[in-house]
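Structure, as structure tokens:
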Amino acid sequence: MSLMGTFENYQAPTSVSDQQRPNQYIGSPVQRTEDNALLQGLGQYVDDLKLEGVLHACVLRSPHAHAKIQSIDIRHASSMPGVVKIYLYDDLPPSAKKRLPVLVPNPAIKQIMTQEVLASKEVLCVGDPVAFVVALERCLAEDACDAIEVEYEVLPAVANCLNALEASSPTIHSEIASNMAANVKMGFGDIEQAFANATHRVRDTFWINRGSAHPMETRGYAARFDPATGDLCVWSSGQTPHLEKKNLIDVLAWHPEKLRVIINDVGGGFGPKVMFYPEEALVAHAAHDLVRPVKWIEDRREHFYTATQERDQWWDMELALTAEGKILGLKLIMTHDNGAYLPWGIIMPYIGVTTTPGPYVIPCIDVDLRVVYTNKNATSPVRGAGRPQAVFAMERIMDKVAHTLGLDRARIREINFVKPEQMPYNNGFIYRDGKPMVYDTGDYPKCQAMALELARYDDFPSRQKAARQEGRYIGIGFANFVEGTGLGPFEGATVRVQQDGRVTVLTAACPQGQGHKTIFAQICADQLGVPMSMIDVITADTSTISMGIGTFASRITATAGNSVFLAGQSVRNKVLALGAFLLQVSVDDLELHDGVCFVKSNPSHSKTFAELARVSQGMPGFSFPPGVTNGLEDTQYFSPSQSTYCNGTAVAEVELDVDTGQIKIIRYCMSHDSGNLINPLLVDGQIQGSIAHGIGNATLEWMRYDEQAQPISTNFAEYLLPMSTDVPNAQLVHLSSPTYLNPLGVKGAGEGGTIPAAAAIVSAIENALSGTDLFLREAPLTPPRLFEILYDSGFFKSRQL
Amino acid sequence: MKPARFQYHRPTQLREALEMVATLENYKILAGGQSLMPMMNFRFVMPDHIIDLNQVKELTGIDQDQDRLVIGAMTRQHHIHRSDLVAKLCPLVPEAYDQVSHRQIRNRGTLGGSLCHLDPASEQPCFTSALDGEIEVQSLKGQRTISIHDWTQMYMTPALDSGEVLTRISLRPWGPSHGWSFMEYARRHGDYAIVGVAVLVALGANQKIERLSVSLCGVSAAPVRLTALETSLLGEVGDDRILPAVNEHIEAIEEIMHDSYNSATYRRHLAQTLTARALGVALKRALRNH
Amino acid sequence: MQEEIQIHLSVNGKTHDCKVSTRKSLADFLRQDLKLTGTHVGCEHGVCGACTVLVNHQTARSCLMLAVQADQCEITTVEGLTNEDHTLSVLQQAFKESHALQCGFCTPGMLTTLTELLSENLNPSEDQVREAITGNLCRCTGYQPIIKAGLLAAERLRALENPARALAPQSSQGQS
């Protein structure tokens, strides 16, 4: 079966409001409009911007994980060739001397620690910015950084989030009392009763360690101040232009109407580029202060130190079950290493714990979530956003339950699934969006069954036996997930017919490769009956739409996509109303096609979009008739009532070389349900791409720190990203359970491949070793670590016998 | 990540280069740049002078000189990898290069550069060791030849004095009927080996091992020739019965490298596993060619 | 302020005579001095492959070459792999049809690397295409669509009279 799955057979949905009008573009695998420029090397990433006279910046960073700054001497550095200015904390405006705001505050956070724009007195992790050097060239700025003399008083560093909670542990900051950032206890049901009634109790602890997103393009910012107008324009390699603008307004005390953030092409985001970072404030401030354009482009080493990461996490899970294997309750203690700062509050561990039930009925849950500070780089959501860890813990414990009860792994899950007839299903938690976690649509049993069938799970035992006779260790594992997508509160879009008849879609959605421009053109084209080539889409420019949230959390198709749909519908109605008036017919007599509004029974009696647009923009003195308003444009901010839940099942088949520890994925299958698909080509691309991230999480990517909280794996030779030979061609099958929560019936699809991958792959590795008593409980599970586990268990000795 | 300042020198003749290394202080020689430039970009290395040998044409070439294969220090890895002469005389070498990094690196990287960089995980010192390579260095004072077995002074430091330039490497090809194998374990395709092994074997009458060369990389600063194993297997028939000897001799290696990623135990087990497998392949090939 | 020397080179079939700082990388020279920003910088230590260009028709990490080392060389960047009228080349078109790019940052490196492969071998197997791009990291696509694009381009190039020209329309290689 080809990668492109079954979309050739896919039925394009008709638009909800007009069953008579089939979609031409929605549901079709349309090629991307973004590609021509990118393929020719004409992308406009932030470092590509041609800014006349631009200055280049470099940040001097703390080499210590925890230290007090005694003194900083910039005299020699300031006089070096090409150095324009060096900024220290005292040079910042008062508004920039405060710590940065938290993206999502939560009352559970006892002590908020966020970054300073430049360190005032105490640095809390390796990489903290201490000075900002602006020079004629980057190499000259780096030379000057090397010449800045800083005296530090090194303080004890906290490197491990479990040790950090002990009374004897030093604190990450000399002025805070403990390293517990937040301790959230939540749950529902009578947990003591559930465990008292249980026939079986199955418990284990899982460790999922640090990793990063590592988009191929690092972070970067450029800014230009126009003294004639007082306008400050900031370009960024980011995911959230309006959020960046809001932060800049606060940090620089800037007039909101005089600040513009533009995000052009972004070479991947995956979460960490959502944050507002100190360097953006520094670049903007310097551009204003020096009245020269300034840019700072993060290098890869800096990215290792400063772009937010994810995890470590320890999950202590215990399930209470009936004799037959039905879950009665779950106890969970989760300890999360948030690093030295909470830029996104506690959202990621929160998403993690609330994702734990997955597609299973768990009547009773008790959670003790500990979010802990350490002197390491801050953590925030990376693709999957905490869910891969929850799925890992839940699917591993389910495998253990199956083993304990002597049940097939698929069967134990079937016993516990939320059934289709139970949908919509409230899993008991309050989700990150503040609403009850109600799974809207989905058929979990069918999804698992389809994936297992695709993977030929049922006859795997005989294949495994045959392989074992040849001395080969092959295994199969799978995992289910449910993911809340389409996060609110809104993402707006304006649809506007221009005076030349072309149509513009404007939105704050901020693509980093997702193909937003193509999707929005598809949706808009179908509402207005125009070809996609007549549509221009402008994204991520704060001057084009007043409010926005950004692109992350698989939210955009379900929010902005629906805004485009609704705005497009509204503009369609305006076109028809104005056309009816000018052509003197009723709306029902009209048709729209190719930018022309014509009378169905007499097509030559028509008005072009251009003509209509010009009329609608008004002529002095001429009033509009009733039912016609000015402008062929509308802005909609679709606001979902809650998240919409997509789901899927991943099945991995692996072969182990036990003597080297090498883990080869020989086959990878997924079933995936994101409701209606606007563009199946792009959805399949997201799934294949997110599977690659998942494979990285499973066996390759481990961000290592030492006991002094010094990052160790700070280059691509030590931090291993999946290469082409590490990622198999995934085989996909789609289900479609459209949602009722938005007009298009769509759900998110960008993270589904990542979420179950580590669970499925580690399950497969364990299955390959069946016959041993090994239970695997960590990710990434790297070959050297697998070898160590086998060695310590006496595997090699017993093999010789 | 931009390099610190340096003065750039670009000799076009070997003589010029030798004069530079004799007189300049704190220099680094730029060969392929695939190892040096990353270190310079990270500012782990900040020489005052860079002497770029890429214009010194005398230092490239692949030739047969009587019983030796002679390769100029600046010969690109790609050319060695694809050379018919090398494939004919030393088939171990292209098999090793199949596992060296990626095409972009091999296009620029040089054999001489790799031997001077001397990463313990590198494949090139390993096959040079298996083939009893000899390294010719030159200075203004003259020329000397250093056996690969004496080439490593300590971790990533060759026996190349200040004022000397590595000019040629000569390898001793085995006869037409020998067997060979280069195997390594790396985390991903093209990564440096955690452990690698180069095996050469020749069989005599009755499939008895007449000659054997086994060299390991990734266990020590220098490639390790398992000379005791080689001697002990002479005269033995090349089948499964020699495997215990492989394990024992590797077990007997006293000091094996370790770091926070890969323990000594793991490396030792890899060495045993890979040597056994490589021997198996080499013996099959020797038998076929016999 | 900085040591500079004169270099003479051809980039995408066009010759340049310029003074360049001796410590500037070829990647930075192409991007800053020649304003060819299609070549991207992803890691500056020779692993990610985003900076891959063709130097005398062979792929190289332009972040690991000094610009001065490109003296007397023929360089082809992604801009040289495009048709002069800005229509997509065979390889680029195959990428578009296969959805072989998402963010586009690794794409120029993928294109130059596959150009080298297809110049050597117009009938590669899937494994050979997969192996050819091991030195190019992609964080978006999961590689399969890129491999598909490589195979599709190979098939179409095999049917052409002058595949070399179609592979590198604006480099001197394409013109020879």
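Residue numbers (our numbering), protein chains in the order written: chain A, 1 to 801; chain B, 802 to 1091; chain C, 1092 to 1267. All C-beta atoms, glycine included, are put in the ideal place defined by N, C-alpha and C.
Next item on the list: With hydrogens ignored, establish whether the beta-carbon of Phe565(A) is closer than 7 Å to any heavy atom of the ligand COA.
Entry: You won't find the ligand COA in this model; it holds no ligand whatsoever.
Notebook entry, point to check: Under a three-way DSSP split, which group does Ala131(A) fall into?
Noted result: strand
Checklist line | Residues, ordered as in the chain, of the stretch 1048-1076 of chain B that lie near chain A by beta-carbon distance below 9 Å | finding: Ser1061, Tyr1062, Asn1063, Ser1064, Thr1066, Tyr1067, His1070, Leu1071, Gln1073, Thr1074, Leu1075
Note to self: Against Thr33(A), what residues of chain C qualify as contacts under a CB-to-CB distance less than 8 Å, listed in chain order?
What the structure shows: Chain C residues near Thr33(A): none, gap ~10 Å exceeds 8 Å.
Item checked: Members of the stretch 977-988 of chain B that neighbour chain A once the beta carbon cut-off is set at 9 Å -> Tyr986, Arg988
Margin query: Suppose you measure from the CA of Gly550(A) to the CA of Ser724(A); what does that come to, to the nearest Å?
Written below: 30 Å
Note to self: Against chain B, with Cβ distances strictly below 8 Å, would His1099(C) count as a contact?
What the structure shows: no
Check: So which residues on chain B does Arg300(A) lean against when the C-beta distance must stay under 9 Å?
Finding: Met802
Note to self: If we define contact as Cβ-Cβ less than 8 Å, is Phe928(B) a contact residue for chain A?
What the structure shows: no
Margin query: Would Phe304(A) and Thr714(A) be called neighbours here (beta carbons separated by less than 8 Å)?
Written below: yes
Checklist line | Continuous beta strand (DSSP E) stretch holding Asp368(A): start and end | finding: 365-372
Check: Using a Cβ cut-off of 7 Å, which residues of the stretch 1171-1198 of chain C contact any Cβ in chain A, in chain order?
Finding: Thr1173, His1177, Leu1179, Gln1183, Phe1186, Lys1187, Glu1188, His1190, Leu1192, Gln1193, Cys1194, Gly1195, Phe1196, Cys1197, Thr1198
Note to self: Give me the subset of the stretch 1224-1243 of chain C whose CB atoms are less than 9 Å from a CB atom of chain A, sorted by chain position.
What the structure shows: Ile1224, Thr1225, Gly1226, Asn1227, Leu1228, Cys1229, Arg1230, Cys1231, Thr1232, Gly1233, Tyr1234, Gln1235, Pro1236, Ile1237, Ile1238, Lys1239
Notebook entry, point to check: What is the DSSP secondary structure of Ser798(A), counted as helix, strand or coil?
Noted result: helix
Note to self: Can you give me the C-alpha to C-alpha distance between Glu1031(B) and Met1058(B), rounded to a whole angstrom?
What the structure shows: 22 Å
Item checked: Cβ distance (whole Å) where Ala1245(C) is taken to contact Pro1199(C) below 8 Å -> Contact flag wrong, Cβ pair sits at about 19 Å.
Next item on the list: From the DSSP output, in three-state form, read off His1136(C) for me.
Entry: coil
Margin query: Between the alpha carbons of Ala805(B) and Lys435(A), how many angstroms are there, rounded?
Written below: 54 Å
Note to self: Between the alpha carbons of Glu52(A) and Val266(A), how many angstroms are there, rounded?
What the structure shows: 21 Å
Notebook entry, point to check: Does any C-beta atom of chain B lie closer than 8 Å to the C-beta of Gln662(A)?
Noted result: yes
Item checked: Cutoff 8 Å; reference Val274(A); Cβ partners in own chain excluding five residues on either side -> Leu103, Gly238, Gln239, Thr240, Leu243, Trp344, Ser380, Pro381, Gly550, Phe552
Next item on the list: Out of Arg32(A), Ser28(A), Pro22(A), point me to the one whose CA is closest to Ser533(A)'s CA.
Entry: Arg32(A)
Note to self: Check for me: the alpha helix (DSSP H) holding Gln954(B) runs from which residue to which?
What the structure shows: Element bounds for Gln954(B): not the alpha helix (DSSP H) but the beta strand (DSSP E), 953-955.
Check: When the Cα atoms are used, what is the spatial distance from Pro835(A) to Glu483(A)?
Finding: No answer is possible for residue 835(A): the residues shown for chain A start at 1 and end at 801.
Note to self: Quick check for students: name the residue ranges of the beta strand (DSSP E) that lie wholly in the stretch 42-90 of chain A, counting only runs of 3 or more.
What the structure shows: 55-61, 67-73, 83-87
Notebook entry, point to check: Which residues of chain A have a Cβ atom closer than 9 Å to the Cβ of Arg806(B), listed in chain order?
Noted result: Cys139, Asp143
Checklist line | Boundaries of the beta strand (DSSP E) in which Ser1112(C) is found, first to last residue | finding: 1105-1112
Note to self: As an exercise, report each continuous beta strand (DSSP E) stretch of at least 3 residues that is fully enclosed by the stretch 731-797 of chain A, in chain order.
What the structure shows: 731-735
Check: What does His214(A) touch in chain C if you count any residue whose Cβ is under 8 Å from its own?
Finding: Arg1230
Next item on the list: Compare the C-beta of Leu1205(C) against all C-beta atoms of chain A and say whether one is closer than 8 Å.
Entry: no
Checklist line | is_contact[Ala610(A), chain C] using C-beta, thresh 8 Å | finding: no
Next item on the list: Would you decide whether His66(A) is buried or exposed? Buried here means 16 or more other CB atoms lie within 10 Å of its CB.
Entry: buried
Check: What residues from the stretch 761-787 of chain A come within 9 Å of chain B, judged by C-beta to C-beta, listed N to C?
Finding: Thr782, Pro783, Pro784, Phe787
Next item on the list: Determine which residues of the stretch 1245-1264 of chain C have a Cβ less than 7 Å from any Cβ of chain B, and write them out in chain order.
Entry: none
Note to self: For chain C, check one thing: does any of its Cβ atoms lie closer than 8 Å to the Cβ of Met875(B)?
What the structure shows: no
Next item on the list: Output yes if chain A places a C-beta closer than 8 Å to the C-beta of Phe845(B); else output no.
Entry: no
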